[in-house]
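Asker: This is the structure, below, for whatever I ask next.
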Amino acid sequence: MRFSGFRVIREALTGHKGWGPLWRDPAPKPEYDFVIIGGGGHGLATAYYLAKTFGRSRVAVLEKGWLGSGNIGRNTTIIRSNYLLPGNEPFYEFSMKLWENLEQETNFNSMVSQRGIINLIHTDAQRDAYRRRGNAMILAGADAELLSPDELRKKVPFLNYDNARFPIKGGLLQKRAGTARHDGVAWGYARGADTHGVDIIQNCEVTGMRIKSGKILGVETTKGYIAAGKVGVAVAGNSSRVMCMAGMRLPIESHVLQAFVSEGLKPVIPGVITFGAGHFYVSQSDKGGLVFGGDIDGYNSYAQRGNMPVVEDVLEGGMALMPMIGRARLLRSWGGIMDMSMDGSPIIDRTSIDGLYFNGGWCYGGFKATPASGYAFAHLLATDRSHETARAYRFDRFARGYLIDEKGVGAQPNLH
Ligand SMILES: Cc1cc2nc3c(=O)[nH]c(=O)nc-3n(C[C@H](O)[C@H](O)[C@H](O)COP(=O)(O)OP(=O)(O)OC[C@H]3O[C@@H](n4cnc5c(N)ncnc54)[C@H](O)[C@@H]3O)c2cc1C
């Protein structure tokens, strides 16, 4: 079933009786060539590109809950490619290009909106750092503009420019960045994967891995044993728990990150804005809610809910940046589990177990990576070679010391 404007009109005139489910609900088969553990954005995108681009059949996605129950449905929806380091920027720019064509590719309205992102500058040193970052972005084929305070005031007049403690001295703008409807991205990839024959099996938790003589044979699940030629793990906040089933310890810690949404307001914020003197960022959803967030909760946890000290910290950041936010009422908040890697950058790699592949360590930046992560992981699963933009994302960088430390804070996952 193809979606189109014509189809919407036809259904409107005939009582909306022609819409079917977006994907099938199959029982698991005893064996697949490829089993992807985790039906989040990355797992679904991987299955989609495996089937569609790399022409692989007999692919299954196993999801322990429902599609969208993990971080893909919990993030603050920001997509961007404003990275500095050569290991990161080409990968995120590749992702940005895939975002730009995603809705045509999957024939699904994922509400990709290139409304821009502005990183605010508060000191002269920060201006130098952002100028360097902007140049690195342009060299990698992305777009970047340095804004003066006057240009910024015209675009976002409501900020607290003359705050004595955090004066705003300019901003780094990426116009092609923006937001996308997070669960719509999961649904679009799920529908696309299903159309290409992928079995998406919900409420099917992987509880163990069958490994013999250093090779993976299949996975134990709550719906029985499923044999697999290759197994790809893409379980975001549960990475350490799932890889533990294969006897592997990861350079990853799990932390909670919270998100907040205000009551619906008239359009006020044109794009995404990040505070440069504290951890606070904000955008406005199409329904009008201000969507914002800040730091992780600061201690390890697998609970998908947040704690009060960070609520206070995030709201303080908001008040310092745009005091008008104090007039808005908070509608809801929630938490998700981040798999924080030691250098803040992800891992897409083979493992020491033949046929077992890993994708994770996305910290709190994995939503924007969804298309490229899926593509690169599918490339690795299909060809056993890293995609050209993901070559740096290997396990051995931690042993060899070639960290991709975008923030420059060292091996401290709680700071990335
Ligand atoms: C509050 C918050 C704000 C964020 N904001 C942004 C942002 O603005 N921009 C950005 O780029 N990133 C953001 N992120 C990060 C981003 O959401 C994640 O990095 C990304 O979604 C992780 O990949 P995923 O979609 O595949 O994860 P998930 O959706 O978590 O998918 C993993 C899936 O694996 C399943 N699973 C786990 N264990 C098993 C098992 N044993 N068997 C079967 N299935 C299993 C889980 O149920 C889950 O559905 C944010 C995250 C949070 C929580």
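Numbers in the working numbering are just positions in the sequence shown, counted from 1, shifted up by 926. No residue lacks a Cβ here, since even glycine has one placed at the ideal position from N, Cα and C.
If I follow the unbroken beta strand (DSSP E) through Lys1141, where does it start and stop?
Answerer: Taken as a continuous stretch (DSSP letters only), the beta strand (DSSP E) holding Lys1141 covers Lys1141 to Thr1147.
Asker: What does Ile963 pair with, by DSSP beta-bridge criteria?
Answerer: Looking at the DSSP assignment, Ile963 forms a beta bridge with Leu988 and Val1159.
Asker: Taking just the CA atoms, how far does His1122 sit from Ala1318?
Answerer: Going from the Cα of Ala1318 to the Cα of His1122 covers about 30 Å.
Asker: Consult DSSP for Thr1309 and reduce its assignment to one of helix, strand or coil.
Answerer: Thr1309 falls in the helix class under three-state DSSP.
Asker: Confirm the yes/no value for this check: CB of Cys1289, any heavy atom of ligand 1, distance under 8 Å.
Answerer: Answer for Cys1289: yes, Cβ within range of ligand 1.
Asker: Tell me whether Val1124 sits in a helix, a strand or coil according to DSSP, three-state version.
Answerer: Of the three classes helix, strand and coil, the one that applies to Val1124 here is coil, per DSSP.
Asker: Using 10 angstroms around the beta-carbon of Cys1130, count the other beta-carbons present and answer buried if the total reaches 16, otherwise exposed.
Answerer: So Cys1130 counts as buried.
Asker: Within the chosen definition, does the stretch 970 to 988 reach the stretch 1095 to 1109 through at least 3 CB pairs nearer than 8 Å?
Answerer: The answer is no - the stretch 1095 to 1109 does not touch the stretch 970 to 988, with fewer than three Cβ pairs under 8 Å.
Asker: To which residues of the same chain is Ala1068 closer than 6 Å at the C-beta, ignoring the five residues directly before and after it?
Answerer: Contacts found: Ser1007 and Glu1019.
Asker: Please list the terminal residues of the continuous alpha helix (DSSP H) segment that includes Ile1064.
Answerer: Run containing Ile1064: Asp1050 to Leu1065, per the alpha helix (DSSP H) assignment.
Asker: Start and end of the beta strand (DSSP E) containing Glu1179?
Answerer: Looking at the DSSP string, the run of the beta strand (DSSP E) that includes Glu1179 is Ile1178 to Gly1190.
Asker: Pull up the CB-CB distance for Arg1053 and Gly1096, whole angstroms please, since I reckon it's below 8 Å.
Answerer: Yes, Arg1053 and Gly1096 are in contact; Cβ-Cβ is about 6 Å, under 8 Å.
Asker: Use the C-beta contact count for Ser1278: other C-beta atoms within 10 angstroms, 16 or more gives buried, fewer gives exposed.
Answerer: So Ser1278 ends up on the exposed side.
Asker: Can you check whether the CB of Pro1297 is closer than 9 Å to the CB of Ser1021?
Answerer: Yes, the pair counts as a contact, with Cβ atoms nearer than the cut-off.
Asker: Quickly, what does DSSP pair Ser910 with across the bridge? List them, please.
Answerer: Nothing can be reported for residue 910, as the shown portion of the chain is limited to 927 through 1342.
Asker: Measure the alpha-carbon distance for Lys1333 versus Tyr1207 and round it to whole angstroms.
Answerer: Cα to Cα, Lys1333 sits roughly 17 Å from Tyr1207.
Asker: Helix, strand or coil for Asp916 per DSSP?
Answerer: Limits of the chain in this structure are 927 at one end and 1342 at the other, which puts residue 916 out of reach.
Asker: Using only the heavy atoms of ligand 1, determine whether one of them is closer than 8 Å to the beta carbon of Met1266.
Answerer: Flag unset: Cβ of Met1266 not near ligand 1.
Asker: Taking 8 Å as the cut-off, is the C-beta of Val1335 nearer than that to any heavy atom in ligand 1?
Answerer: No - ligand 1 has no heavy atom lying nearer than 8 Å to the Cβ of Val1335.
Asker: Here's the rule I'm using: 16 or more other beta-carbon atoms within 10 Å means buried, otherwise exposed. How should Glu1031 be labelled?
Answerer: Buried, because 16 or more other Cβ atoms sit within 10 Å of the Cβ of Glu1031.
Asker: Who are Tyr1207's beta bridge partners in DSSP?
Answerer: Partner(s): Thr1200 and Gly1219.
Asker: Could you please give the first and the last residue of the uninterrupted beta strand (DSSP E) stretch that includes Arg1079?
Answerer: Looking at the DSSP string, Arg1079 is not in any beta strand (DSSP E); the run it does join, the alpha helix (DSSP H), is Pro1075 to Lys1081.
Asker: To the nearest angstrom, how far is it from the Cα of Asp959 to the Cα of Val1237?
Answerer: Their backbone Cα atoms lie some 45 Å apart in a straight line.
Asker: Can at least three beta-carbon pairs, one atom from the stretch 1048 to 1062 and one from the stretch 1140 to 1147, be found at a separation below 8 Å?
Answerer: Because the criterion of three Cβ pairs below 8 Å is not met, the stretch 1048 to 1062 and the stretch 1140 to 1147 do not touch.
Asker: Could you spell out where the beta strand (DSSP E) holding Lys1333 opens and where it closes?
Answerer: Counting along the chain, Lys1333 falls outside any beta strand (DSSP E), and DSSP gives it neither H nor E.
Asker: If distances are taken between C-alpha atoms only, which option among Leu1329, Gly1244 and Gly1190 comes closest to Asn1353?
Answerer: Outside the displayed span of the chain (927 to 1342) sits residue 1353, for which this structure offers no information.
Asker: Whose C-beta lies closer than 6 Å to the C-beta of Val1217 among residues of the same chain, with five residues either side of it excluded?
Answerer: Same-chain partners within the cutoff: Thr1002, Val1187, Ser1209 and Ser1211.
Asker: Here's a check: name, in chain order, each residue in its chain whose Cβ is nearer than 6 Å to the Cβ of Tyr974, leaving out the five neighbours to either side.
Answerer: Excluding residues within five positions, the ones whose Cβ falls inside 6 Å are Tyr1115, Gly1118 and Ala1119.
Asker: Which residue from Asn1086, Arg1231 and Gly1134 puts its Cα closest to that of Gly1252?
Answerer: For Gly1252, the nearest C-alpha among the options comes from Asn1086.
Asker: Ligand 1 and Phe1034: does the residue's C-beta get closer than 8 Å to at least one heavy atom of that ligand?
Answerer: No, the Cβ of Phe1034 stays beyond 8 Å of every heavy atom of ligand 1.
Asker: Over what stretch of residues does the alpha helix (DSSP H) that includes Ile935 continue unbroken?
Answerer: Here the alpha helix (DSSP H) through Ile935 covers Gly931 to Leu939.
Asker: Give a single yes or no on whether Thr1200 has its beta carbon closer than 8 Å to a heavy atom of ligand 1.
Answerer: Thr1200 Cβ: outside cutoff for every heavy atom of ligand 1.
Asker: Does DSSP put Val1132 in a helix, a strand or coil?
Answerer: If DSSP states are grouped into helix, strand and coil, Val1132 belongs with the strands.
Asker: Tell me whether Lys1138 sits in a helix, a strand or coil according to DSSP, three-state version.
Answerer: Reduced to three states, the DSSP call for Lys1138 is strand.
Asker: Whole-angstrom Cβ separation of Thr1315 and Pro1016, contact assumed at under 8 Å?
Answerer: Yes, Thr1315 and Pro1016 are in contact; Cβ-Cβ is about 5 Å, under 8 Å.
Asker: Can you grab the Cα-Cα spacing for the pair Asp1275 / Phe1284, in whole Å?
Answerer: C-alpha separation (whole angstroms): 5 Å.
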